[in-house]
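Reviewing the structure listed below.
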Amino acid sequence: MISLHKTIENKWRKKWDESKIFESNPDDREKLFLTVAYPYPSGAMHIGHGRTYTVPDVYARFKRMQGKNVLFPMAWHVTGAPVIGIAKRIQRQDPWTLNIYQNVHKVPEDELNKFEEPEYIVKYFSTEYHNVMDSLGFSIDWRREFRTTDPTYQKFVEWQIKQLKNKDYVKKGSHPVKYCVSCENPVGDHDLLEGEGIGINELTLMKFKIDDMYLVTATFRPETIYGATNVWLNPDVEYVKAKVEDEYWLISKKSYNNLSNQKKVEIIEDIEAKPLIGRMVQNIVTQEEHPILPASFVDAEYGTGVVFSVPGHAPADNIALQDLKKDEKLIKEYSLEEVLKDLKSRNVVSLEGYGDFPAEELIEKLGVKNQNDEKLQEATNELYKQEHAKGVMSEHIPIYAGQRVSEVRDVISEKLRNEKKASQMYDFAERPIICRCGNKCVVKILDDQWFMRYSDEKWTKETQNTFDKIEIIPSEVRSNFNYYVGWLHDWACSRRIGLGTRIPWDNKWLIEPLTDSTIYMSYYTIAKYLRNIDPESLNDAFFSKVFLNQDSDDIKVDESLVSQIQTEFNYWYPLDWRLSAKDLIGNHLTFHVFHHTAIFPEDKRPQGIVVFGMGLLEGNKMSSSKGNVILLEDAINTHGADVVRLFLMSSAEPWQDFDWREKEVKGTKRRLEWFVDFANKVSKINNRNLSFKNIKKDIEVKSFINKWMLSQLNQRVKESGEALEVFQTRKALQNGLFLLKKDVDHYLHRIGDDIDDEVAMVLGIVLETWLRLLAPFTPHTCEELWEKYGGEGFISMATYPEFDDSLFDEKVQKSEEIVQGIIDDIHEIKKIVSNEPEKIHLYLAPEWKWSVFDIAREIGKPDIGQIMGKSIKENVHSDKKEIADFAKKISREMTRINYVGHLNEKEILDDAIDYISGEVSAEIIIHEDADYDPENKARNAIPYKPAIYME
RNA sequence: AGGAGUAUGGCGAAGCCUGGUUAAACGCGGCAGACUUAAGAUCUGUUGCAUUAGUUGCUGCAUGGGUUCAAAUCCCAUUGCUCCUACCA
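The number in my numbering is simply the position in the first sequence, starting from 1, with 86 added.
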């Protein structure tokens, strides 16, 4: 069964398609070019994606209705590694992967088999994405669609990276990665069985001289070398003598596995730890001699399997030393008595609130019993954190005395490394890290790796300049961008595995997927031409001509075609808006500005960025891998495309996290149904067929409430349009749908059955305007109603409503507020008195009170003295005491009621008297003066708030 | 650990930039009434506490302090949460 919404949606999709109204070509109109980050289609599209792509569609439709020539294109980012992993897992029938793809992404059985081919996965899902985007009614120019593995696109990517290389923004370097030795590949988080999200830490290796070797210790805190008292070896661990460059290092045998992936290390021989215990080593930083002592807590696998001991500042070292001093058997075994006697903690770092040896204090405070106590970890974390954040190098430390630990740590490490007194290695922050193949991962340093030099000072500075001119929505994230522009290190831009384009000058590397996606928005402008050109003729000369207008004899494409292509690029560029999710601020979005800045002249650089929030499902984070998603296709089938669009646009602003709640989605659906009902009601109201073509808009509206309705309509039009201008889809709908509906409800309630020609006309105008207001959000429904009631052409191409100043009247709005306020107050009082009055007397404020209000407004501030003074001076009222009392009272009132000037309350209330009377079920009597006032209520009257007496 | 953002009523969320129009829009949920055989839908009212002639008083916008005649709004500190920190794009 095909539901009603499906029929309408299909009908309009077909009509849009046939009429080609969303295919944008250069013309005389002003252009608007916006793009949203193209999807990486490795799974089915869910409602989170729905929001991401609906925002630009709404904006594109809005701007198109405002008369702009809008280009909204879409493409598929299929370069990268994840699908390779997925394909492998499908190949070996990994149950978890099969389950996700069958049940979450809902891939049919016969398709799933083909997923052993990574290219097929992206092909399958990009086709599905395209279809779902169509079902949501996106106004995309599909002639420009491409995949990033298209040969023509690859030519473009090659051109861009060569441009950067020529500018010296690409360099060679080395880089640590998680690596699986058995797969012989770097691994990402999605390739891991265990250890997701764990980072790689940099450790400083400190050398202690012994014989012809160095005992090489690993530490996070190189500054504590000045507090070293001894070196720990674990007697139960196997150690080796290893050759590193021209030195001999003593390290644990297990650490070799990791270290050998980072340095050239060669094992010379096994070394037994026990004979070394009790011997002395030389601290080559301080030249002091330290003993080697035994400790069981030393992990053979972590770092080098050797650590130096700082009992003053490391709780583990401290407690190990205490343990050792108590262990007579060990002391005897290694004859450590003499050595231990002289061994005392040393201070390195001064920390407020602690004495010289914080490690000791903390052990005592937390009651850590021995080196196997669980609380030891807590003590260590606490102290490391504190000393890094607040610690200062103590006065007796050479060179660094008085400097902050957080500033000096890296300086010390770097200096010692330069002097060859220290070295460096990487290790995981936690262990173990296990690859999906079941083997432990290591940290491998890939040398020969290519980098984008985002740390380059000149490039950074120019990029910052570009950013200063870019409009950023929401403005809060600008500081984040500024931070990233300055902070970005050189970015490893070459990869070993994945789909993608090879680095033209170094074929063993692929260009990393974020690097191949930085300036592709320019590619959209010309993509429709390139698909018909032989990729081999798309050489550098071609792109340099099109994008940079550089002439060359090497261009292999027909000259007139090149010129046409170039004209099209120049028409659409620069990009007006770039939309993307907030997790891409620190990489993609920033890269995109970096690369534009490097390659394009100033007038072709990005103009605006909109950053999106995340999606939640019933309050929980959406995640395909956890199965917590609703597929867009399902949502569209259940609720209809317009309802999905409407909900996604109305429940949160684009940059906020939105929450898909089934209950509220249903509420949204009812709202849209109400709107359709309203349209039908309006069409029947005048007992003849409504036609937008015949609405007479030039009749002068006489009745108050009709004026009010049109004024409200115009206010909503204004606010809605202004909000949408800056991508506030929620605010735009809040005004353009929900508040306007409230107004219309009130209006319908107010006019009751009293429908004359004027009312019919007003309702016609309201409906006609309202449809155009909502067309960017719910295009299918609006097209259908537009056609049904005789709108001209497509509503998608109709004019977006403009604010009509002549129909906007603040005083009319205020008047209705007064009427409503009286009704509310009467209800309030009735509730308290709890008996039904027959007559209600309303007393209007006397003339002099209005004068005082006018004076107060002139003064602008709630300054009682001034108001009083001026009122008395101008002699607005004979009774000065009354003026004084009144002035006191209104100081607060003034700011509260939003005084818009003198209104004729008598007229307003006369007009509304039947309505008020009906609402409160009593006779209403209006008094301009207190001719009948048995309980002396009339004096309570103030402007906009008549006094009330009930009997 | 570092960076950025954020914190509002039963829930979601406006308001904060530009302090007084804020017991705080709008939606969801709750309650009452109308319609209906009934349910649902729809419409009307209500939804911090107190209050039987008034449009009021009290409490209140993470916590603690400050600025001001006046603070949800400005400043400082603290705490919680979210995102990013490099082979996921």
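Don't be surprised by glycine CBs; every beta carbon is placed ideally from N, CA and C.
All values derive from a computational prediction rather than experimental measurement.
Using CA coordinates, which residue listed in 744, 158 and 758 is at the minimum distance from residue 725?
-> Nearest C-alpha to residue 725: 758.
Which same chain residues, not among the five before or five after residue 1020, have their C-beta less than 6 Å away from its C-beta?
-> Nothing meets the Cβ criterion.
Beta strand (DSSP E) runs wholly inside the stretch 297–350, at least 3 long, in chain order | Runs of the beta strand (DSSP E) inside the stretch 297–350: 299–305, 316–319, 325–330 and 333–338.
Identify every run of the alpha helix (DSSP H) within the stretch 217–287, keeping only runs that are complete inside it and at least 4 residues long; order them along the chain.
-> Whole alpha helix (DSSP H) segments, 4+ residues: 237–252.
Is residue 1005 closer than 8 Å to residue 904 when the C-beta atoms are compared?
-> Cβ distance not < 8 Å, so residue 904 and residue 1005 don't count as in contact.
Can you round the beta-carbon distance between residue 319 and residue 378 to whole angstroms, since I take them to be within the 8 Å contact cut?
-> That pair is a contact at about 6 Å.
What do you reckon, are the CB atoms on residue 520 and residue 262 nearer than 8 Å?
-> The beta carbons of residue 520 and residue 262 sit no closer together than 8 Å.
Quick one: Cα of residue 191 to Cα of residue 384, how far?
-> Straight-line Cα distance between these residues: approximately 47 Å.
Helix, strand or coil at residue 909 [DSSP, three-state] = Shown here, residue 909 sits in a helix according to DSSP, grouped into three states.
Select from 843, 712 and 673 the residue whose C-alpha is nearest the C-alpha of residue 697.
-> Residue 697 has its Cα closest to that of 673, out of 843, 712 and 673.
C-beta atoms of residue 1011 and residue 927 nearer than 8 Å = In this structure, residue 927 lies closer than 8 Å to residue 1011 by Cβ.
Assess, as a yes-or-no matter, whether the stretch 234–247 is touched by the stretch 586–604 under the definition of 3 or more beta carbon pairs within less than 8 Å.
-> Because the criterion of three Cβ pairs below 8 Å is met, the stretch 586–604 and the stretch 234–247 touch.
Roughly how many angstroms separate the alpha carbons of residue 87 and residue 172, rounded to a whole number?
-> Since pLDDT at residue 87 reaches only 37, below the 50 mark, its modelled position is unreliable, and no value is offered.
With a 10 Å radius around its C-beta and 16 neighbouring C-beta atoms as the bar for buried, classify residue 574 as buried or exposed.
-> A residue is called buried when at least 16 other Cβ atoms come within 10 angstroms of its Cβ; residue 574 meets this threshold and is buried.
Classify residue 131 as helix, strand or coil using the three-state DSSP reduction.
-> Residue 131 falls in the coil class under three-state DSSP.
Starting from residue 511, trace the beta strand (DSSP E) both ways and give me its first and last residue.
-> The continuous beta strand (DSSP E) containing residue 511 extends over residues 508–514.
Within its chain, find whatever has a CB closer than 7 Å to the CB of residue 149; leave out the 5 residues flanking it on each side and keep chain order.
-> Counting only Cβ-Cβ distances below 7 Å, and skipping sequence neighbours, we find 118 and 156.
Select from 939, 91, 159 and 771 the residue whose C-alpha is nearest the C-alpha of residue 658.
-> Of the listed residues, the one whose Cα sits closest to residue 658 is 159.
Beta-carbon spacing of residue 42, residue 699 below 8 Å | Since the first residue of the chain shown is 87 and the last is 1037, residue 42 is not available in this structure.
Rounded C-alpha distance that separates residue 999 from residue 817 | Counting only the Cα atoms, residue 817 lies some 35 Å from residue 999.
By Cβ distance, which residues of its chain are closer than 7 Å to residue 237, with the 5 residues on each side in sequence left out?
-> Excluding residues within five positions, the ones whose Cβ falls inside 7 Å are 621.
Given a cut-off of 8 Å, decide if residue 147 and residue 862 are closer than it, judged by their beta-carbon atoms.
-> Judged by beta-carbon spacing, residue 147 lies within the 8 Å limit of residue 862, meaning their Cβ atoms are closer than that value.
Is residue 741 helix, strand or coil when you go by DSSP?
-> Three-state DSSP puts residue 741 in coil, outside helix and strand.
Proximity to residue 842 [Cα-Cα], best of 799, 869 and 789 | Closest option to residue 842, judged by alpha-carbon separation, among 799, 869 and 789: 789.
Exposed or buried, residue 436, counting other C-beta atoms within 10 Å across all chains shown (16 or more means buried)?
-> By the neighbour-count rule (16 or more Cβ atoms within 10 Å), residue 436 is buried.
To which residues of the same chain is residue 539 closer than 8 Å at the C-beta, ignoring the five residues directly before and after it?
-> Hits under 8 Å: 254, 255, 256, 257, 545 and 576.
With a CB to CB cut of under 7 Å and the five nearest residues on each side skipped, what residues in its chain are close to residue 371?
-> So the qualifying residues of the chain are 311, 502 and 507.
Under 7 Å Cβ to Cβ from residue 168, same chain only, skipping five residues before and after it: list those, please.
-> Excluding positions up to five away in sequence, the list reads 128 and 276.
Any idea what DSSP makes of residue 496, helix, strand or coil?
-> The three-state secondary structure of residue 496, taken from DSSP, is helix.
Could you tell me whether the stretch 686–693 touches the stretch 701–710, using the rule of 3 or more Cβ pairs below 8 Å?
-> Counting C-beta pairs closer than 8 Å gives fewer than three between the stretch 686–693 and the stretch 701–710, which falls short of the contact rule.
Cβ shell of residue 895 (< 7 Å), same chain only, five flanking positions each side left out | If we look at residue 895 and ignore the five residues flanking it on each side, its Cβ neighbours are 793 and 797.
Give the C-beta separation of residue 851 and residue 791 to the nearest angstrom, bearing in mind that I take them to be a contact with Cβ-Cβ under 8 Å.
-> Rounded to the nearest angstrom, the Cβ distance from residue 851 to residue 791 is 14 Å, too far for a contact under 8 Å.
Drop a sphere of 10 angstroms on the beta-carbon of residue 373, count the other beta-carbons inside from all chains shown, and report buried for 16 or more, exposed for fewer.
-> Per the 10 Å Cβ criterion, exposed.
Are residue 486 and residue 479 close, meaning C-beta to C-beta below 8 Å?
-> Taking the C-beta atoms as reference points, residue 479 is found nearer than 8 Å to residue 486.
Member of 343, 235, 1031 and 212 whose CA lies at the smallest distance from the CA of residue 268 | If you compare the alpha carbons of 343, 235, 1031 and 212 with that of residue 268, the shortest gap goes to 343.
Could you give the C-beta distance for residue 441 and residue 313, rounded to a whole number, given that I count them as a contact under 8 Å?
-> About 14 Å separates the beta carbon of residue 441 from that of residue 313, a gap too long to meet the 8 Å contact definition.
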